[in-house]
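Chains W and Z, in that order, give the protein sequences.
FYI, in our numbering the residues of the first sequence are 1 to 597.
FYI, in our numbering the residues of the second sequence are 1001 to 1191.
For each residue, glycine too, the CB sits at the ideal point set by N, CA and C.
Input: a single structure, listed below in structure tokens.
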Amino acid sequence: MSHEAVLHSHDSHGHDDHAHHETFLSKYVFSMDHKMIAKQFLITGMVWAVLGGLMSVLFRLQLGYPDASFPWLESILGKWAKGGQITPEAYYALVTTHGTVLVFFVLTAGLSGTFANFLIPLQIGARDMASPFMNMLSYWFFLTASIVMLCSLFVETGPFSGGWVAYPPLSALHDASPGSKSGMDLWIISMALFVVSSLLGGLNYIATILNMRTKGMSMTRLPLTIWALFFTAVLGVLSFPVLLSGFILLIFDRNFGTSFYLSDIFVNGVGALSNEGGSAILYQHLFWFLGHPEVYIILLPAMGMVSEIMSVNSRKPIFGYMAMLGSLFAIAVLAFLVWAHHMFVTGLNPFLGSVFVLLTLLIAVPSAIKVFNWLTTLWRGNIRFTPGMLFAIGFVSLFISGGLTGIWLGNAALDIHLHDTYFVIAHFHIVMGVASMFGMFAGVYHWFPKMYGRYLNNSLGYIHFWVTLAGAYMIFWPMHYEGLAGMPRRYFDFSIWESFKQFAELNRFISTVAMIVFATQILFLINFFYSIFKGRKVTDLNPWKSNTLEWTTPINPGHGNWPGEIPEVHRWPYDYGKDGVDFIPQDVPVGANESSH
Amino acid sequence: MSTDIQLEKKKIHPYQYYLWGGLGSIVMMFAGLTSAYIVKKSQANWLDFELPNVFMASTVVILISSFTIQMAVKKQKEQNENQYRGFLSLTAILGLVFIILQIQGFKALEANSIALIGNRSNSAASFLFVITGLHLLHVLGGIVALIWISLKAVSSKNNIDNPMPVKLVSNYWHFVDILWVYLFVFLRWVG
């Protein structure tokens, strides 16, 4: 087929063509429809969010009640909770798996995989992704990675337990801990598969955005969601391979006796290793070269969706579109230049450290621009407090709170005291974990009517929002004080230290709130699955009165998205309240007397 | 309609974007590895050794293969089926020769008591093995793609009409060629 023929056939496959040939397997399992693949990513991500959340409840139980015994735990976890108390090995495994799956499977695949797949073709005016097959493959690599990770939970010696960062020697030595045996093998296989999935997805998102936009959809008419997803994909495509190279060296050290990371260290029970000259710090450089962009791979999609949702529900144009775009770009560039701020205590040259301090603090500038623009978008807006909008506002609140402590941690002099304490836990959970989760919730509440043709229940949505927001602050705010007092992260039991006994009650409080917040997420799950089948039906093509193209499709769009021609775009997506008109969709031609935006 | 088709003609094929993005990924992976090499070289216990001459021969072979793949692109444009397939096959054979020579290079190092992996290995040799080995796997991927489009050209006459497969494969092939030249220069002189 010639080049032109490929493009033509791609553009012309309307949804009617597909409806005739679909079976259950081709529609729901081996689907090549970007919308179904998005739902597959979302639901797989939700399964991992529940498992990862449950793990946090279990290890919070240990931290809140270190001396208590819960016999029911033994019936669930068996030898990992002998006598009803989680063993230290199980605790480390839970912490490690919680971090890995939340960072990679939920907030990367679950977030980007869902919304990039769902929104890119719909908002740029394309029938599907540039390669629907590679898109499908991306999901199946992710699912395989998920299954391998799940299997690692059931191996005899337990899942990997050396922390989500998988630093050697814990990750490189089979005998370092029980989790370093086959649990680590499965962990690294799973992560390699995940990297392949991310690359396939990312390349698809980039090619689709650059190549498949409908007529009139210039790059500066793209909604900010698409710009954010574009930068996210670029970050992933350029940083995941570096992580992979770090993993390859790790595999060689683990299995082929090389000395990239391992040196002649003494290991209790094993003796001195025969390796020579390896440097564990080298791994940290390679890991954090992905690790820091990963923060923005998680944050940027949430930022993009929040910008869109805020503008729609404030009935106002986004404030400073080009500044928002510029700040996304600046964040994406700076993301590659700050990795060593995770390594201030590794003996880093102080001069180099100060360079990384400067570059890290520079991120505050585009971040502040974004916050300012979100707040000015809200300013004097005709705000609709839908659950999606509340979660978007919640995101901004959390981004400010967590971002401010980033200024502390980005400062090498302060970081030396705060490194590896609960202050860090508090910082990244608020600014990256919970904030991005709020972005994800905002996206689900906002685009659920487009995904399933039904609404989520608002009352349950409000309960979900308020309990989660208050809970998130109650869990993580006190951790700042614990961290300032020097309480280290990753410890199994603090009750033996006199200086940390003062936090016993506080830890119990945090654990109790964590359980309540987890239970509230069950409420969301009930709302989600009930509403798919029984939610109030959408009757209006454009229920949020939004300007973007996804709302010009039928209520339940088929594969191909638009039954007829793809609409042509004539304006940017933020014409809200222009010339006294509430909203003007992107496909409406510019009037003769219309003012420019 | 004709205007639409003219517009479409100006578009770059999406697979071209895939390839560029994918090449960017590969560049980052090797940038990561060669950066790690530089860091490691500045530390203690680094073993300096000469690169076997066979790597020079493999460099010449892969450079020639870039010429043959370009000839295949030319023959596709000229719609000369036999020569098109011939140059594709020749490129694949040169690729295989390159791989064999690389393996000979590893053997030459082992013969000089320079262990690439295992307890006796020094990370200087291990780096060489991992970096060149990964590059070798990328060449192998290119050979698979060459065989694939050669078979497609045999199985269906129409496939010679489509310039996209050979264009993509030739771009990739030139890339792994340039990548090897970079790695060779890096390992022999810079590293």
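Open item on the list: So within the segment 500 to 544 of chain W, which uninterrupted alpha helix (DSSP H) runs reach at least 4 residues, ignoring any that extend past its ends?
Closed with: Within the segment 500 to 544 of chain W, complete alpha helix (DSSP H) segments of at least 4 residues are found at 504 to 534, given in chain order.
Open item on the list: Residues of chain A with CB closer than 8 Å to the CB of S1113 (chain Z), please, in chain order.
Closed with: Absent from the structure is chain A; the protein chains it does hold are W and Z.
TODO: Please name the residue in W:Y28, W:Q62 and W:A49 whose C-alpha comes closest to that of D493 (chain W).
DONE: The shortest CA-to-CA distance from D493 (chain W) to any of W:Y28, W:Q62 and W:A49 is the one to W:Q62.
Task: Residues bridged to G488 (chain W) (per DSSP) - done: For the sequence presented, residue 488 (chain W) should be read as Pro rather than Gly. The beta-bridge partner set that DSSP reports for P488 (chain W) consists of W:T421.
Task: C-alpha distance - A340 (chain W) paired with G353 (chain W), whole-angstrom precision - done: If you draw a straight line from the Cα of A340 (chain W) to the Cα of G353 (chain W), it is about 7 Å long.
- [ ] For A332 (chain W), count neighbouring C-beta atoms within 10 Å of its own C-beta (all shown protein chains included) and say buried if the count is 16 or more, exposed if not.
- [x] Label assigned to A332 (chain W): buried.
Open item on the list: For a contact defined as C-beta to C-beta under 7 Å, what are the partners of Q1043 (chain Z) on chain W?
Closed with: Chain order gives the chain W residues near Q1043 (chain Z) as G277 and S279, where near means a beta carbon separation below 7 Å.
Task: With 16 other Cβ atoms within 10 Å as the buried cut-off, status of S279 (chain W) - done: Buried, because 16 or more other Cβ atoms sit within 10 Å of the Cβ of S279 (chain W).
- [ ] Would you identify the three-state DSSP class for F1175 (chain Z), choosing helix, strand or coil?
- [x] Helix at F1175 (chain Z).
- [ ] State the beta-bridge partners of F583 (chain W) as determined by DSSP.
- [x] According to DSSP, F583 (chain W) bridges with W:Y576.
Open item on the list: Our contact map puts G410 (chain W) next to A435 (chain W) with C-beta atoms below 8 Å; I'd like the distance itself, whole angstroms only.
Closed with: So it is not a contact: roughly 17 Å between Cβ atoms.
Open item on the list: Considering only the alpha carbon of each residue, which of W:G163, W:T23 and W:R221 lies closest to P585 (chain W)?
Closed with: In terms of CA proximity to P585 (chain W), W:R221 leads the group W:G163, W:T23 and W:R221.
Task: Local Cβ density within 10 Å of Y1015 (chain Z), reported as buried at 16 or more and exposed below that - done: Y1015 (chain Z) comes out buried.
TODO: Return the chain-ordered list of same chain residues with a C-beta closer than 6 Å to the C-beta of D1048 (chain Z), the five sequence neighbours on each side being excluded.
DONE: Same-chain partners within the cutoff: there are none.
- [ ] Check whether the Cβ of I206 (chain W) lies closer than 8 Å to any Cβ atom in chain Z.
- [x] So, interface residue.
Task: Reduced DSSP secondary structure (H/G/I, E/B, other) of A272 (chain W) - done: A272 (chain W) falls in the strand class under three-state DSSP.
- [ ] Report the residue from Z:Y1037, Z:L1096 and Z:S1121 whose alpha carbon sits nearest the alpha carbon of D253 (chain W).
- [x] Cα-wise, what sits closest to D253 (chain W) is Z:S1121.
Task: L7 (chain W) (DSSP reduced to helix, strand or coil) - done: In this prediction, L7 (chain W) has a pLDDT of 39, which is less than 50 and means its spatial position is unreliable; what the coordinates show is noted afterwards. Of the three classes helix, strand and coil, the one that applies to L7 (chain W) here is helix, per DSSP.
Open item on the list: Looking at G110 (chain W): is its Cβ nearer than 8 Å to the Cβ of F41 (chain W)?
Closed with: Yes, the pair counts as a contact, with Cβ atoms nearer than the cut-off.
Open item on the list: On the criterion of 16 or more Cβ atoms from any shown chain inside 10 Å, does F654 (chain W) qualify as buried, or is it exposed?
Closed with: In the structure as shown, chain W starts at 1 and stops at 597, and residue 654 (chain W) therefore has no counterpart that could be examined.
Open item on the list: Between which residues of its own chain and L200 (chain W) is the CB-CB distance below 8 Å, once the five residues before and five after are set aside?
Closed with: Sequence-distant partners of L200 (chain W) (beyond 5 residues in either direction) whose C-beta falls short of 8 Å from its own C-beta, in its chain, are M134, N135, L137, S138 and F141.
- [ ] Return helix, strand or coil for F622 (chain W), following the three-state DSSP convention.
- [x] The structure shown does not extend to residue 622 (chain W), since chain W is modelled only from 1 to 597, so the question has no answer here.
TODO: Taking A514 (chain W) as the reference, give the member of W:M487, W:N373, W:I248 and W:S56 with the closest Cα.
DONE: Closest option to A514 (chain W), judged by alpha-carbon separation, among W:M487, W:N373, W:I248 and W:S56: W:S56.
Open item on the list: Looking only at its chain, what residues have a beta carbon closer than 7 Å to the beta carbon of V148 (chain W), apart from the 5 residues adjacent to it on each side?
Closed with: Closer than 7 Å at Cβ, skipping near neighbours: L186, I189, S190 and L193.
TODO: Return yes when the Cβ of F438 (chain W) is within less than 8 Å of the Cβ of G394 (chain W), no when it is not.
DONE: For the pair G394 (chain W) and F438 (chain W), the CB atoms are nearer than the 8 Å cut-off.
TODO: Find the residues of chain Z that neighbour V242 (chain W), judging by a C-beta separation of less than 8 Å, and give them in chain order.
DONE: The contacting residues are M1028, M1029, A1031 and G1032.
- [ ] Buried or exposed for T539 (chain W), please, with buried defined as at least 16 other CB atoms from any protein chain shown within 10 angstroms of its CB.
- [x] Flag for T539 (chain W) reads exposed.
Task: Which listed residue (W:G179, W:W408 and W:Y205) has its alpha carbon closest to that of T87 (chain W) - done: Ranked by Cα distance from T87 (chain W), the options W:G179, W:W408 and W:Y205 are led by W:G179.
TODO: May I have a chain-ordered list of the alpha helix (DSSP H) segments no shorter than 4 residues that lie completely inside the segment 220 to 256 of chain W?
DONE: For the segment 220 to 256 of chain W, whole alpha helix (DSSP H) runs of length 4 or above, ordered along the chain, are 224 to 255.
TODO: Using the Cα positions of Q502 (chain W) and S495 (chain W), report the straight-line distance between them to the nearest angstrom.
DONE: Their Cα atoms are separated by approximately 9 Å.
- [ ] Examine the Cβ distances between the segment 1166 to 1175 of chain Z and the segment 1035 to 1047 of chain Z and report whether three or more of them are shorter than 8 Å.
- [x] Touching, no.
TODO: Give a yes or no on whether the minimum CB-CB distance between T539 (chain W) and chain Z is below 8 Å.
DONE: False, the Cβ-Cβ gap to chain Z never drops below 8 Å.
Task: 8 Å CB neighbourhood of A126 (chain W) in its chain, flanking five on each side removed - done: Take A126 (chain W), set aside five residues on each side of it, and the residues of its chain with a beta-carbon closer than 8 Å to its own are I120, T208, M212, R213, T214, N561 and I566, in chain order.
Open item on the list: If we define contact as Cβ-Cβ less than 8 Å, is L186 (chain W) a contact residue for chain Z?
Closed with: At a cut-off of 8 Å between C-beta atoms, L186 (chain W) does not count as an interface residue with respect to chain Z.
TODO: Taking 8 Å as the cut-off, decide whether the C-beta atoms of F1184 (chain Z) and T1034 (chain Z) are in contact.
DONE: Going by C-beta atoms, F1184 (chain Z) is not nearer than 8 Å to T1034 (chain Z).
- [ ] Can you tell me which of the three DSSP states R127 (chain W) falls into?
- [x] Look at R127 (chain W) here: in three-state DSSP terms it is coil, with no helix or strand label.
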